[in-house]
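Trainee: Residue numbers (the numbering used here): 11 to 160.
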């Protein structure tokens, strides 16, 4: 269209038609401005396309990093959950051990208290019994005395 307007303007000037040459010049100028605007738009579109391409590359890089980190994070979460379960189990065992120890202590304390109460109720303890050797010796002496040997 620009070339047509310029060609028509040149032909009109050769023919001496000033009005047609002027109109052809106006059309040519309009077309030049339109071409300049379209070229600016094309440059802007290319710049925007380059910007979007860079954004896409950045997003892909971040996605790949996040995808790689996902497995690391999943492993950390699983490890933490496993550790928590082990801690719960170990804690339960420890509390079970403490519970058994406390129960044993309470049983021993109750037994000692019962013995103390029995001692209080029974009165003084009986005199110590002679040992079996002493008893045998005493009986032997008694028999000798009766027989008149002693």
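Each residue gets a CB set at the ideal place from its N, CA and C atoms; glycine is no exception.
Predicted, not measured: the structure shown is a model, and the values here were computed from it.
By a C-beta neighbour count over all protein chains shown, 10 Å radius and 16 as the cutoff for buried, is residue 19 buried or exposed?
Mentor: Residue 19 should be labelled buried.
Trainee: Taking DSSP as the reference, what is the three-state secondary structure of residue 26?
Mentor: It is coil, neither helix nor strand.
Trainee: Between which two residues does the alpha helix (DSSP H) holding residue 150 run?
Mentor: Here the alpha helix (DSSP H) through residue 150 covers 142–157.
Trainee: Alpha carbon to alpha carbon, how far is residue 25 from residue 34?
Mentor: About 13 Å.
Trainee: If we ignore side chains and look at the alpha-carbon of each, how far apart do residue 142 and residue 99 end up?
Mentor: If I take the Cα positions, the gap works out to 57 Å.
Trainee: Drop a sphere of 10 angstroms on the beta-carbon of residue 38, count the other beta-carbons inside from all chains shown, and report buried for 16 or more, exposed for fewer.
Mentor: Buried, because 16 or more other Cβ atoms sit within 10 Å of the Cβ of residue 38.
Trainee: Can you say whether residue 63 is buried or exposed, counting buried as having 16 or more other CB atoms within 10 angstroms of its CB?
Mentor: The residue in question, residue 63, is exposed, as its Cβ has fewer than 16 Cβ neighbours within 10 Å.
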